[in-house]
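Report on the following structure.
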């Protein structure tokens, strides 16, 4: 079971449907089954599916949330998925999505509008408000989930290597560094 954000992209027009799920594989089969039966909840996506061959629609995972089985509170995980879905919807130009998760979350956090899918998360209103402030300021700059971008991943590996080296340098005794230098670093030229 993988938790994350996904997109269904029409490769002919470039339009996308963005969603979140706690089980991505199951959600993919649900989407394509509903589209085949002409009963999908997103009318714009269904209309495009009817006009275009099904081979033109690609399901792609945008983010995977790691270590979600350690989440104590499942509701907070789902709200975090909503926040990330709203972020991706804001960053995408052409969408099939009819409901804007970002504006729904904002009205939920600020006004206490508990309609629809946020009704059961009433007690987390303050938590969502704090996360919205965090997202607006920092989300474009940091990565909270494993992205499918090898350049970013390579940068994070290098950054982790530097951080591990710095931690070892500051916390290991000097005698260990002298031993490493004498045995592994060739100082003679």
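Numbering (our numbering), first residue to last: 19 to 207.
Where a beta carbon is used, it is the ideal one built from N, C-alpha and C, also for glycine.
Just so it is clear, the structure is predicted and the values come from calculations on it, not from any experiment.
- Message: So for residue 55, helix, strand or coil by DSSP?
- Response: DSSP places residue 55 in coil when its eight states are reduced to three.
- Task: Pull up the DSSP beta-bridge partners for residue 64, would you.
- Result: Assignment of beta-bridge partners to residue 64 by DSSP yields no partner.
- Query: From this set, 27, 34 and 29, which residue's C-alpha is nearest residue 113's C-alpha?
  - Reply: The option with the nearest alpha carbon to residue 113 is 34.
- With burial defined as no fewer than 16 other Cβ atoms inside 10 Å of the residue's Cβ, what is the status of residue 166: buried or exposed? Model confidence at residue 166 stands at a pLDDT of 47, short of 50, so the residue's coordinates are unreliable; what they give is reported in the following sentence. By the 16-neighbour rule on beta-carbons within 10 angstroms, residue 166 is exposed.
- Item | DSSP-derived helix/strand/coil call for residue 32 | Coil.
- Query: So what does DSSP say about residue 21, is it helix, strand or coil?
  - Reply: Secondary structure at residue 21: strand, using DSSP grouped into helix, strand and coil.
- Going by other Cβ atoms of all chains shown within 10 Å of its Cβ, with 16 needed for buried, is residue 175 buried or exposed? Around the beta carbon of residue 175, a 10 Å sphere encloses fewer than 16 other beta carbons of the protein chains shown; the residue is thus reported as exposed.
- Item | Buried versus exposed call for residue 39 [16 or more other C-beta atoms within 10 Å across all chains shown] | Buried, because 16 or more other Cβ atoms sit within 10 Å of the Cβ of residue 39.
- Message: Distance check for residue 47 and residue 20, CA to CA, integer angstroms please.
- Response: Roughly 14 Å separates the two Cα atoms.
- Message: Checking the sheet assignment: what are the DSSP bridge partners for residue 27?
- Response: According to DSSP, which records beta bridges pairwise, residue 27 is partnered with 34 and 76.
- Where does residue 28 land, buried or exposed, given buried means 16+ other C-beta within 10 angstroms? Result: buried.
- Task: Please determine, among 99, 179 and 57, the residue with the shortest C-alpha to C-alpha distance to residue 41.
- Result: Here the closest residue by C-alpha is 99.
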